[in-house]
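There are 2 protein chains.
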Amino acid sequence: MKRIAFLLVAVAALAGVVASLALASRHADDQAAPIFGVTIPPGYRDWKLIAVAQLLVPGKADQLRAQFGNDIAIKAFKEGKVPFPDGAIIAAIHWTRVPSEGNNKVLAGPFPGAQSFVVGSGVNVQFMVKDSKKYAATGGWGFADFKDGKPGSKELHETCFPCHAPVKDRDFVFTRYAP
Amino acid sequence: MKRIAFLLVAVAALAGVVASLALASRHADDQAAPIFGVTIPPGYRDWKLIAVAQLLVPGKADQLRAQFGNDIAIKAFKEGKVPFPDGAIIAAIHWTRVPSEGNNKVLAGPFPGAQSFVVGSGVNVQFMVKDSKKYAATGGWGFADFKDGKPGSKELHETCFPCHAPVKDRDFVFTRYAP
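Chains as they are written, first to last, in this note's numbering: chain A, 1 to 179; chain B, 1 to 179.
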């Protein structure tokens, strides 16, 4: 009887693990951005770097940023070719910018007045996915913005393409490949 | 006779190409940093990103920075393990930080007062190479600093380890892995 009770508990625990794994996986993979249906591409944090940048909007945003490309995007950047081919994906990670007191203390010796800033926490991640047919109405790009793994609102995603429109001559991509 | 002359010219041209290729390759690969003998590791620009940072030394430096790791270094960073294993290499690219007038113009609409900064030109690249036996006297790390592919002076390289010494508890590595 004890053995059956143990077995039942074990089965229940296992079912719980399976259910939460399924939920976690659904949470991470299945939440698509509105309008464009873009989901978070797996492994983007390990993609090759396109460039880094900084954005300061007084009182609103103080960020360090990095843009990454999948292999199709990186090849196009290196060749300097536009438009980007279908399948190209550009990822951008935005972090808070924070002063590093530790670094500043060390740097103060050799470099008086030095101010070191490092990344704090993640703010959001953004993606541009090239599919010239599917996204013909928005320059061939699907746009997506995620905070903590959750996509932003429809209203937010309606602002993506109009903002990128001015750089049509660079196929709607602001970022240039860093030397 | 014409054909032989053509052949001779072609051979001479080919020899010239081979010679300059050899020279170019020597220039890029063989210039080792003083003290540590570290050369520029091929392909580091395409390594995975560790983090990004900013350094401001008023009147001296205004930079955006990115740190990259080879696979051994990235694995150690992700596992949060110190000391780093032998074979780990960390690369840092430092660029000038420049305002992007183009981005600012676009951003001014939705984000009044926004200041966008992007990378300008490359300033220098630095490397830390882990070899606990070869570099036992400097925490197991060999250091190198290159400008335009040329290593800095012996005096410059003498400053590397003393500057990194304060972060001994992080195996002499300032950079933390960005989320």
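Backbone N, C-alpha and C fix where the C-beta goes; we use that ideal spot for every residue, glycine too.
Where residue i and residue j are concerned, what is the direct C-alpha to C-alpha distance, given to the nearest angstrom?
i        : j        : result
Glu158/A : Val52/A  : 25 Å
Gly142/B : Cys160/B : 9 Å
Ala76/B  : Ile50/B  : 11 Å
Ala136/B : Thr175/B : 21 Å
Val112/B : Lys60/A  : Looking at the sequence provided, one finds Pro at residue 112/B rather than Val. Their backbone Cα atoms lie some 10 Å apart in a straight line.
Gly140/B : Gln115/A : 28 Å
Ala73/B  : Asn104/A : 25 Å
Val123/A : Val106/A : 28 Å
Lys133/A : Glu155/A : 23 Å
Phe127/B : Gly80/A  : 28 Å
Tyr44/A  : Pro99/B  : 27 Å
Val57/A  : Ala108/B : 10 Å
Pro179/B : Pro34/B  : 35 Å
Ile89/A  : Pro42/A  : 11 Å
Pro110/B : Cys163/B : 43 Å
Glu101/A : Gly87/B  : 30 Å
Put residue i into one of helix, strand or coil per three-state DSSP.
i        : result
Lys154/A : helix
Arg97/A  : strand
Lys81/B  : coil
Gly102/B : helix
Val167/B : helix
Phe174/B : coil
Lys134/B : coil
Ile74/B  : helix
Asp86/B  : coil
Asp148/A : coil
Phe161/B : helix
Pro179/B : coil
Chain A beta carbons: is any one of them nearer than 8 Å to that of residue i?
i        : result
Trp141/B : no
Asp46/B  : yes
Ser153/B : no
Thr159/B : yes
Val52/B  : yes
Ile174/B : The sequence given here places Phe at residue 174/B; Ile does not occur at that position. With 8 Å as the cut-off, Phe174/B counts as an interface residue toward chain A.
Ala114/B : yes
Val98/B  : no
Within 8 Å (strictly less), CB to CB, does residue i reach chain B?
i        : result
Asn124/A : no
Val119/A : yes
Asn103/A : yes
Lys60/A  : yes
Pro41/A  : no
Val82/A  : no
Val38/A  : no
Pro85/A  : no
Pro205/A : Nothing can be reported for residue 205/A: it is not among the residues displayed for chain A, which extend from 1 to 179.
Short of 6 Å in beta carbon distance, which residues of its chain neighbour residue i, apart from the five on each side in sequence? Order them along the chain.
i        : result
Ala32/B  : Thr39
Val125/A : Ile93, Phe146
Arg97/A  : Asp62, Gln63, Leu64, Phe117
Gly152/A : Asp145
Tyr177/B : Ile50, Phe77
Thr138/B : Phe161
Val167/A : Phe174
Val119/B : Leu64, Trp95
Cutting at 7 Å between CB atoms, please list the residues of its own chain near residue i, excluding the five before and the five after it.
i        : result
Trp47/A  : Phe68, Gly69, Asn70, Ala91
Val82/B  : Arg170, Asp171
Ser121/A : Trp95, Thr96
Using a Cβ cut-off of 9 Å, pull out every chain B residue sitting near residue i, in sequence order please.
i        : result
Ala181/A : The requested residue 181/A is not part of the displayed model; chain A covers only 1 to 179.
Phe111/A : Leu55, Val57, Lys60, Ala61
Please find out if some non-hydrogen atom of the ligand ADP comes closer than 7 Å to the beta-carbon of residue i.
i       : result
Gln31/A : The ligand content of the structure shown is nil, which means the ligand ADP is not present either.
Going along the chain, which residues of its own chain have a beta-carbon closer than 8 Å to the beta-carbon of residue i, five neighbours each way excluded?
i        : result
Gln54/B  : Gln63, Leu64, Arg65, Arg97
Ala165/A : Gly139, Phe172
Pro85/A  : Ile72, Ala76, Lys130
Gly37/A  : Gly142
Under 7 Å between beta-carbons, which chain A residues line up against residue i? List them in chain order, please.
i        : result
Val106/B : Cys163, Pro166
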